[in-house]
Amino acid sequence: MNKTISFALVHFSVAFTITYLMTGSLLIGGALALIEPAVNTVAFHIHEQIWQRKQHKESELLHA
């Protein structure tokens, strides 16, 4: 869990720094550092569901 928290902090820092350097805005940098990981989390969940369905179908075809 410590590694996950550490990576999350690195991710937030990178997102904030890049956005701040590109815009010069602390507000936009902070907002993007929070919003982007949240959107990525939802996208990852959807991706995993699609991936698992695909693997399940392939497994059924192999064992049919």
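Going by this note's numbering, the letters in the sequence shown line up with residues 1178 to 1241, in that order. Every residue gets a Cβ at the ideal spot worked out from N, C-alpha and C, and that includes glycine.
Enumerate in chain order the residues of its own chain whose CB-to-CB distance from residue i is below 6 Å, with the five nearest sequence positions on each side excluded.
i: G1206; result: F1193, T1196 and Y1197
Rounded to whole angstroms, what is the Cα-Cα separation between residue i and residue j?
i: L1203; j: L1186; result: 17 Å
i: A1210; j: K1234; result: 37 Å
i: M1178; j: H1188; result: 15 Å
i: H1222; j: H1240; result: 27 Å
For the alpha helix (DSSP H) holding residue i, just list the boundary residues, first then last.
i: G1207; result: L1203 to L1239
i: M1199; result: N1179 to T1200
Apart from the five residues just before and just after residue i, which ones in its own chain have a Cβ nearer than 8 Å to its Cβ?
i: W1228; result: none
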